[in-house]
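The sequence shown begins at 53 in this note's numbering and counts up one residue at a time.
Every residue gets a Cβ at the ideal spot worked out from N, C-alpha and C, and that includes glycine.
Worksheet: the structure to be examined is printed underneath.
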Amino acid sequence: MSSDLFEQHGIDPERIPRHVAVIMDGNGRWAKKRFMNRVNGHQQGVETVRTIVTAARQIGIDVLTLYAFSTENWSRPASEVKALMVLLKRFLAKEIDTLDRQGVCLNVIGQQSRLPDDVQTQIERSMVQTRGNTGMVLNLALSYGGREEITRAVRAIVNEVSSGGLSVQDITEETVAERLYTAGQPDPDVLIRTSGEMRLSNFMLWQVAYAELFITDTLWPDFSQKEFLDIIRQYQTRERRYGKVPCISNDGSQQ
Ligand code: FPP
Numbered sequence: 053m054s055s056d057l058f059e060q061h062g063i064d065p066e067r068i069p070r071h072v073a074v075i076m077d078g079n080g081r082w083a084k085k086r087f088m089n090r091v092n093g094h095q096q097g098v099e100t101v102r103t104i105v106t107a108a109r110q111i112g113i114d115v116l117t118l119y120a121f122s123t124e125n126w127s128r129p130a131s132e133v134k135a136l137m138v139l140l141k142r143f144l145a146k147e148i149d150t151l152d153r154q155g156v157c158l159n160v161i162g163q164q165s166r167l168p169d170d171v172q173t174q175i176e177r178s179m180v181q182t183r184g185n186t187g188m189v190l191n192l193a194l195s196y197g198g199r200e201e202i203t204r205a206v207r208a209i210v211n212e213v214s215s216g217g218l219s220v221q222d223i224t225e226e227t228v229a230e231r232l233y234t235a236g237q238p239d240p241d242v243l244i245r246t247s248g249e250m251r252l253s254n255f256m257l258w259q260v261a262y263a264e265l266f267i268t269d270t271l272w273p274d275f276s277q278k279e280f281l282d283i284i285r286q287y288q289t290r291e292r293r294y295g296k297v298p299c300i301s302n303d304g305s306q307q
């Protein structure tokens with residue numbers, strides 16, 4: 053990978069987070085500040101998607117999850133929903149060869165069946181093209197909601213219990229995790245939200261239990277490779293305790 057990037061940004065290549073999840077927010081405000089249509093903000097947001105996917109791949113992140121369209125976003129004006137669907141389809145059609153060359157495996161999480169047929173077809177084609185890639189998984193969260201995901205997992209578990217395939221005593225946290233859209237993937241180590249809002253907005257409610265949170269005031273279209281890599285550097289300075297106390301040695305010093 054790019055040793056220059058590690059040096060320039062003070063990143064330790066040995067402690068790269070395995071999974072980074074991003075709530076891409078602020079496209080509308082970015083456009084409004086420029087007296088533009090909200091869709092122009094989303095268009096500019098696509099450029100940032102390209103930049104961040106490339107940076108994540110270059111530093112060796114295993115999984116990058118981008119929150120592109122929530123279950124709640126369906127209630128936006130029909131014209132904006134339509135424009136976002138066109139952008140998504142165009143992004144996949146245009147970028148999939150590049151993603152493929154970069155070794156990225158595309159995965160969509162969320163209620164795919166609610167998406168327009170042409171978007172579903174494009175997703176299917178893109179996922180098939182990149183399914184053998186092992187460089188990085190790119191989860192695009194589309195028509196995604198954390199509560200819907202957990203509800204779906206509960207439904208699957210109840211069905212298995214009622215058909216006798218699973219007993220209630222055997223239900224563990226893993227039983228739930230294995231029935232989420234992210235089954236088999238590590239939980240996010242880092243959760244980034246742009247545009248300064250201090251909310252989870254129904255994003256990966258189960259998976260972010262121990263994620264390190266980074267909220268930046270930068271609007272998504274202005275979010276840069278530099279700021280992304282700065283967050284990775286800061287992540288490496290954080291102590292992750294998972295609810296435990298730091299390890300204290302006999303002389304009272306911290307290990
Ligand atoms: C939030 O900004 C952003 C979205 C709802 C959509 C995100 C979509 C993109 C970045 C472009 C398409 C994505 C891909 C993967 C090609 P907002 O509209 O809520 O902004 P606001 O809070 O300032 O109004």
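Neighbourhood of residue i by C-beta, 7 Å cutoff - its chain only, sequence neighbours within 5 removed
i           : result
residue 223 : 209
residue 206 : none
residue 139 : 94, 95, 98
residue 267 : 245, 248, 250
residue 141 : 170, 171, 174
residue 231 : 205, 208, 209
residue 80  : 90, 93
Residue i - containing beta strand (DSSP E), residue span
i           : result
residue 122 : 115 to 122
residue 75  : 71 to 75
residue 161 : 156 to 161
residue 137 : Per DSSP, residue 137 belongs to no beta strand (DSSP E); it is in the alpha helix (DSSP H), 130 to 153.
Cβ neighbours of residue i in the same chain (closer than 8 Å, five flanking residues each side left out)
i           : result
residue 68  : 111, 112, 113, 284
residue 294 : 262
residue 65  : 53, 55, 58, 111, 112
residue 63  : 57, 111, 281, 284, 285, 288
residue 70  : 113, 114, 115, 238, 241
6 Å CB neighbourhood of residue i in its chain, flanking five on each side removed
i           : result
residue 82  : 93, 271, 273
residue 257 : 198
residue 178 : 144, 148, 158
residue 160 : 175, 192, 194
residue 264 : 242, 287, 290
Contact with chain D by residue i, beta-carbon distance below 7 Å
i           : result
residue 129 : Annotation note: the requested chain D is absent from the structure, which comprises a single protein chain.
Beta-carbon spacing of residue i, residue j below 7 Å
i           : j           : result
residue 123 : residue 197 : yes
residue 195 : residue 163 : yes
residue 100 : residue 275 : yes
residue 185 : residue 156 : yes
residue 226 : residue 218 : no
residue 188 : residue 168 : no
residue 201 : residue 233 : yes
residue 277 : residue 103 : yes
residue 154 : residue 109 : yes
Residue span of the alpha helix (DSSP H) that contains residue i, given as start and end
i           : result
residue 175 : 169 to 182
residue 195 : Note, residue 195: premise wrong, no alpha helix (DSSP H); beta strand (DSSP E) at 188 to 196.
residue 55  : 55 to 61
- Item | Length-filtered (3 minimum) beta strand (DSSP E) runs lying within the region 216 to 302 | 242 to 245, 264 to 267
- What residue ranges within the region 79 to 107 form continuous beta strand (DSSP E) runs of no fewer than 3 residues, ordered along the chain? none
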